[in-house]
Every structure is written in C-alpha cells, then in structure tokens.
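Contents: one structure, followed by commentary.
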Amino acid sequence: MGDPARSINPLDLLLETVRVGNLMLEGRTRDWAFAHDRLVHLYFEPIRQFYRQPDLEFRNMDPLILSVPADTVPPPSLSGPDTDQVDFAASPVRIGGRRLPVAAGPVALDETPVQAVFDTGSFLGSIPASLAHRKHLATIGRIGRQGDGSTRTRAEDVVIVPVLTIGHTTFTNQMMTVSQASTVIVGMQQLSQLRHVTFSEHAIRFGHAAPLACTEGMTLQSLRNGLIMSLLLPVSRDGETGKALVDTGDNTPEPLTVRLRAFPAEWTGHLRTETIETTLGRFTQHVAIEPQTLRIGTVSRQVLVKYELGDGSMPPTITFGAFQYGMVQFDRAEGIACFR
1 MGDPARSINP LDLLLETVRV GNLMLEGRTR DWAFAHDRLV HLYFEPIRQF
51 YRQPDLEFRN MDPLILSVPA DTVPPPSLSG PDTDQVDFAA SPVRIGGRRL
101 PVAAGPVALD ETPVQAVFDT GSFLGSIPAS LAHRKHLATI GRIGRQGDGS
151 TRTRAEDVVI VPVLTIGHTT FTNQMMTVSQ ASTVIVGMQQ LSQLRHVTFS
201 EHAIRFGHAA PLACTEGMTL QSLRNGLIMS LLLPVSRDGE TGKALVDTGD
251 NTPEPLTVRL RAFPAEWTGH LRTETIETTL GRFTQHVAIE PQTLRIGTVS
301 RQVLVKYELG DGSMPPTITF GAFQYGMVQF DRAEGIACFR
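Note that my numbering has the sequence shown beginning at 1, numbered continuously upward.
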C-alpha cells in the first residue's frame with residue numbers, strides 16, 4: 001500500500017482470517033476474541049486509515065463485530081457424563097395421520113427449563129429476544145446482514161449464555177445470537193463439540209462412550225470467517241449423485257429440499273404455498289413437490305422431494321423428514337459421519 005513498512009500482503013490477510021475463523025469453528029470463543037482483535041489491529045485498521053474510511057466494513061471476513069474488549073469474553077467449557085441423551089418432544093402437527101417429527105427437546109438456560117431445537121443447519125445457537133431480555137444478557141457484539149432464505153436480512157445481537165445444559169451435559173459461556181424466533185436453537189458450534197452423536201427421529205444420544213457405527217469420513221463445509229459450518233452427506237437423486245447438507249432444524253416432511261433459480265414452466269400449475277419460521281421471523285414461499293428415488297448414505301427410498309427458489313449453487317438440504325428412514329451419526333474429533 002505504497003509504504004513497504006506498512007504494506008499488507010493479501011495472502012497473509014486471507015490466512016489470518018482463516019486462522020481466526022477456525023478458532024470460532026472449534027468453539028474457542030475467548031481465543032477467537034483475542035485473535036480477532038489482532039486481525040483488526042494488524043489489517044483492518046491500517047486499511048481504513050489508508051482509504052480514510054473509518055467505517056469501512058469487511059463483511060465477508062468480519063461479520064461479527066465485538067462491542068466489548070476481548071479480555072471480557074469469558075472462556076467456554078464443556079463437561080458431562082460418558083453417555084447422555086435428550087428425547088425429542090412429540091410434535092402436535094399431523095400430516096396424513098402421522099405426527100410431523102421435530103428435533104426439539106428440553107434444555108436449561110441458567111437452570112431455567114426451555115424447549116430447544118437441535119439444529120445442524122445453524123452454527124451459532126440462538127435464543128428468543130424475549131428470553132434474552134428476561135435473563136438480562138448483555139450484548140457483546142453484533143452480526144450484520146443475516147439472511148433467512150427470503151429476501152429479508154437483518155443484523156443480530158450476540159450475547160454470552162452463562163450456562164446451557166443439554167441432558168446432564170453442561171456448556172458454559174456460549175456465544176449465541178438473539179433471534180426473532182420463538183424457540184431456543186442449539187447449533188453446530190455446540191453439537192460439533194459433543195462426541196459420538198446419534199440423531200434419530202426420537203432422540204439425540206451422545207458421549208464418548210455412546211455407541212457409534214460410522215466408518216465413513218466426515219465432510220464439513222464452512223466459511224473462512226468461522227460463522228457457518230454444515231455437515232455434508234452423499235446423496236443420489238434419480239441417479240444424480242452429489243452432497244447434501246444436513247439440517248435437523250428443518251422439519252418439513254419431504255426428506256430433501258433442492259433450491260432452483262427458477263421453476264420449470266411445466267411446474268407452474270401445481271406450485272404450493274408454505275409458511276416457514278426462521279430466526280428472522282416468518283415468511284411465505286412457493287414450492288414444488290416431485291416424486292423421486294432418493295439415496296442417503298446406505299438408505300434408499302421412493303420419496304417426495306421439495307423444490308424451492310433460492311441459490312442454485314447451494315447443496316440440497318437433508319431435512320429432519322429423512323429421519324423416518326434412518327439416523328445420522330457423527331464425531332468431529334474422529335472425523336466420521338454417516339446416515340444409516
């Protein structure tokens with residue numbers, strides 16, 4: 001940037017961003033806070049000074065902006081028994097005489113019992129704004145321009161939840177967002193720290209002594225800023241093979257959702273309308289439902305596949321509706337994951 005003593009190597013900036021993001025992906029939020037401060041001091045502040053734009057944003061690299069000093073972010077911890085389990089609550093919704101499954105069960109926030117969705121489709125967990133206010137949780141930062149699949153985006157406050165208890169397993173000092181949804185969400189930042197995780201239609205079981213039958217390698221997709229992590233599994237749809245991300249927070253009955261930039265003209269006459277609740281609230285969209293042969297891991301079934309408008313470059317989504325046919329197992333520390 002002119003003066004060699006003050007020049008910034010773009011490759012160094014990229015590598016440092018990845019290093020900082022990896023700390024967030026590992027759940028080391030206090031270490032992330034200190035590394036983030038260093039990233040801002042060494043790279044972002046000099047660039048703002050050079051361009052004389054003190055409010056210049058680095059949204060792809062730095063979407064989470066701390067509003068407190070790094071040394072005030074408390075260290076997180078995890079402790080629990082050798083095996084643990086949370087049973088999922090029965091859904092009150094029925095479709096075709098069958099209860100719609102939902103990956104939701106009891107947890108405790110600072111000893112307050114609440115229902116939570118165990119959502120592999122989210123990274124940072126979240127809590128409803130009303131609960132955050134009732135708990136007087138202080139805001140430590142803000143994530144900008146989060147989307148929910150509709151055209152809406154909004155910034156979300158970030159808080160520290162002192163104690164989150166799942167079964168008999170305790171997380172402390174968890175970084176979570178404040179959402180417009182009506183329920184607590186436990187995301188992949190928490191779930192990926194658990195050992196020997198098994199998601200079935202009825203419960204989540206975990207713990208380093210819990211049985212695990214997987215041998216297949218684990219595939220994770222993440223952003224370098226460390227705020228998105230998705231578990232990918234192999235799928236085949238009418239012979240077309242690829243990967244799909246697992247989203248246990250999506251409880252639509254169709255086991256697979258595929259995003260398209262536009263619907264084929266011949267589908268126009270039989271599109272459906274559905275209402276979805278996200279962390280930003282509710283929105284309505286048009287969808288198409290098509291029968292296809294679907295294979296996930298070792299399980300193959302004739303099913304209905306949902307198509308919706310969205311980013312066609314994104315992988316399809318394995319919804320919680322697939323769990324009527326099998327279960328997901330994974331262990332990030334061992335690098336294995338499967339559907340069987």
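Beta carbons: idealized from backbone N, C-alpha and C, even for Gly.
Check: State the CB to CB distance for the pair Leu131 and Gly187, rounded to an integer number of angstroms; the pair is presumed to be in contact (CB under 8 Å).; Outcome: Going by Cβ atoms, the distance from Leu131 to Gly187 rounds to 16 Å, so no, they are not a contact pair.
Check: Do the segment 236 to 254 and the segment 291 to 305 make contact, defined as three or more Cβ pairs closer than 8 Å?; Outcome: yes
Check: Got a sec: is the Cβ-Cβ distance from Asp12 to anything in chain B below 8 Å?; Outcome: No chain B is present in this structure, which holds just one protein chain.
Check: For Leu309, collect the residues of the same chain with a Cβ closer than 8 Å to its Cβ; drop the 5 residues on either side in sequence, then sort them by chain order.; Outcome: Arg259, Leu260, Arg261, Ala262, Phe263, Gln285 and His286
Check: Can you tell me which of the three DSSP states Glu334 falls into?; Outcome: coil
Check: Could you check how far apart the C-beta atoms of Val107 and Ile166 are, in whole angstroms? I think they sit under 8 Å.; Outcome: 5 Å
Check: In chain order, which beta strand (DSSP E) runs of at least 3 residues are fully inside the segment 251 to 288?; Outcome: 256 to 260 and 272 to 278
Check: Spatial neighbours of Leu13 within its chain, please: CB distance less than 6 Å, with the 5 preceding and 5 following residues excluded, ordered by chain position.; Outcome: Tyr43
Check: Among Ala138, Thr183, Leu164 and Ser300, which one has its Cα closest to the Cα of Leu66?; Outcome: Ala138
Check: Taking the alpha-carbon positions, what's the Arg295 to Met327 distance?; Outcome: 13 Å
Check: Taking the continuous alpha helix (DSSP H) assigned at Gly105, which residues delimit it?; Outcome: No alpha helix (DSSP H) contains Gly105, which is instead part of the beta strand (DSSP E) from Ala104 to Leu109.
Check: Output the residue ranges of the alpha helix (DSSP H) runs that lie fully inside the segment 171 to 230 and measure 4 residues or longer, sorted by chain position.; Outcome: 188 to 191
Check: Does DSSP put Asp12 in a helix, a strand or coil?; Outcome: helix
Check: Give a yes or no on whether the C-beta atoms belonging to Lys243 and Thr275 are separated by under 8 Å.; Outcome: no
Check: Can you tell which of Pro69, Leu233 and Ala33 has the C-alpha that lies nearest to the C-alpha of Val299?; Outcome: Leu233
Check: Is Leu39 closer than 8 Å to Val68 when the C-beta atoms are compared?; Outcome: no
Check: Using the rule of at least 16 other Cβ atoms within 10 Å of the residue's Cβ for burial, across every protein chain shown, is Gly312 buried or exposed?; Outcome: exposed
Check: Whole angstroms is fine: what's the gap from Pro75's alpha carbon to Val86's?; Outcome: 25 Å
Check: Tell me whether the segment 166 to 177 and the segment 42 to 62 touch, counting them as touching only if at least three CB pairs, one residue from each stretch, are closer than 8 Å.; Outcome: no
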